[in-house]
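A.B. asks: Residue numbers (the UniProt record's numbering): 1 to 403.
For every residue, glycine included, the Cβ atom is placed at its ideal position computed from N, Cα and C.
All values reported here derive from a predicted model rather than from experimental measurement.
Quick look at the structure:
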């Protein structure tokens, strides 16, 4: 058999992702948390506002509340309205001193900023034209009572939590956190702080993947480094499956003599081993061990990072019931030529440059984690597509991928 015949067919990334997502259903469990403790979690039910926001017409400026039709004369100032007070109705031909956020008195239909007025002997004269509705924030213009403030499936970031609080939500119902067991394989791996013997490397993937999982609100069960032995790998898988919803591993998903994950997962459950048509990150495994999902990532640090971002991240978001799984990408000019593209879909580490567009890190090796630290995100280049400097390319910022 020729070498070409022995090579597995490459699976397009979109096909692999669709297959992976088809295998997962959102977790059934829910919990109610204080709004202050819900950052990063996924909302399990629509949040409906019981109130209008703002609850009454209020002033957007420090100034004077009045009828726009009365703005041509010198108006007596009959009341002072600070924020939090309840104003009296305003009669025709009167004005009220008002402050930002204060309720507009009944009878007034405009606010004039204080810089556009003159106050003499308790009477205010307007020095600029006035139109009805000027500088008035209307009741319910932000949120309507009975309206959905945040839909189910929303990942709760700082803005979403602020919006929930605006609607008076002290607690939020969210899906439960996925339990994810994490371990690395490889006798060459040692932990930072330990002596580094000849032939060994420090285990960076354990730290990168754990941080990524925690950024997705997962409960991480860290099983450390598993020796390159079939019995040890099978034992780790059994332990992980008993504790977790998902097992994530790095390393050992190739077909070398020391890569024991494939036979171990096949012995303990079910395995699909794919060669994904992406660079970096070709080897990828998924399957089940007991009731737990299994995902095996490649060992090279950038390959592990990229495959997590483009495959594992949407998988875990769907598991939590998130509505938006795909990261946002943006069309930005390339600041360099790319005349010799790979036959696989490429994820290049790039940085935003104000003058030239996207700058390329010089060493795109899958073992150079410095490239990802230097970069602002990934250039998602289709298979076989060359481009020249100045052409628009798809850029995915790390802000969309690493949280």
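Got a sec? Which residues, its chain only, sit under 8 angstroms from residue 180 by beta carbon, not counting five neighbours each side?
C.D. replies: Here the set comprises 213, 218, 219, 220, 221, 244, 245, 246, 247, 248, 316.
A.B. asks: Alpha carbons only, please: which of 60, 21, 74 is nearest the one belonging to residue 94?
C.D. replies: Here the closest residue by C-alpha is 74.
A.B. asks: Alpha carbon to alpha carbon, how far is residue 160 from residue 314?
C.D. replies: Straight-line Cα distance between these residues: approximately 20 angstroms.
A.B. asks: If we require 3 or more residues per run, which beta strand (DSSP E) segments fall completely within the segment 264-306?
C.D. replies: With a minimum length of 3 residues, the continuous beta strand (DSSP E) runs that stay inside the segment 264-306 are 269-276, 283-289, 292-297.
A.B. asks: Going by beta-carbon coordinates alone, are residue 174 and residue 42 separated by less than 8 angstroms?
C.D. replies: Yes.
A.B. asks: When we look at the beta-carbon of residue 327 and count the other beta-carbons within 10 Å, is it buried (16 or more) or exposed?
C.D. replies: When all chains shown are included, residue 327 counts as buried.
A.B. asks: DSSP state of residue 190, grouped into three classes?
C.D. replies: Correct three-state label for residue 190: strand.
A.B. asks: Thinking C-alpha only, which one of 39, 287, 30, 210 is nearest residue 274?
C.D. replies: When each option's Cα is compared against that of residue 274, the closest is 287.
A.B. asks: Can you list, in chain order, the residues of its chain whose CB lies under 7 angstroms from that of residue 339, leaving out five sequence neighbours each side?
C.D. replies: 386, listed in sequence order.
A.B. asks: CB residue 112 to CB residue 59, shorter than 8 angstroms?
C.D. replies: No.
A.B. asks: Under a Cβ-count criterion, where at least 16 other Cβ atoms within 10 Å of its own Cβ denotes burial, should residue 392 be classed as buried or exposed?
C.D. replies: The residue in question, residue 392, is exposed, as its Cβ has fewer than 16 Cβ neighbours within 10 Å.
A.B. asks: Classify residue 394: buried if its beta carbon has 16 or more other beta carbons within 10 angstroms, exposed otherwise.
C.D. replies: Flag for residue 394 reads exposed.
A.B. asks: Any contact of the segment 162-174 with the segment 19-38, i.e. 3+ C-beta pairs under 8 angstroms?
C.D. replies: Yes: at least three Cβ pairs fall under 8 angstroms.
A.B. asks: Could you compute how far the alpha carbon of residue 19 sits from the alpha carbon of residue 11?
C.D. replies: Computed Cα separation, rounded: 11 angstroms.
A.B. asks: Measuring CA to CA, which of 189, 238, 242 is closest to residue 251?
C.D. replies: Residue 251 has its Cα closest to that of 189, out of 189, 238, 242.
A.B. asks: Would DSSP call residue 333 helix, strand or coil?
C.D. replies: Three-state DSSP puts residue 333 in a strand.
A.B. asks: Could you work out which residue in 64, 141, 153 is closest to residue 123 when comparing CA atoms only?
C.D. replies: Ranking the options by Cα distance to residue 123, first place goes to 64.
A.B. asks: Is there a Cβ from chain B that is less than 8 angstroms from the Cβ of residue 24?
C.D. replies: The chain inventory of the structure shown lacks chain B, comprising one protein chain alone.
A.B. asks: Would residue 191 be called buried (16 or more neighbouring beta carbons within 10 Å of its own) or exposed?
C.D. replies: Its Cβ having fewer than 16 others within 10 Å, residue 191 is exposed.
A.B. asks: Rounded to whole angstroms, how far is the Cβ of residue 208 from the Cβ of residue 305, which I believe are closer than 8 angstroms?
C.D. replies: That belief holds up - the Cβ atoms of residue 208 and residue 305 are roughly 6 angstroms apart, short of 8 angstroms.
A.B. asks: Can you grab the Cα-Cα spacing for the pair residue 238 / residue 268, in whole Å?
C.D. replies: Roughly 7 angstroms between the two C-alpha positions.
A.B. asks: Could you check if residue 354 is buried or exposed, using at least 16 other CB atoms within 10 Å of its CB as the buried criterion?
C.D. replies: Residue 354 should be labelled exposed.
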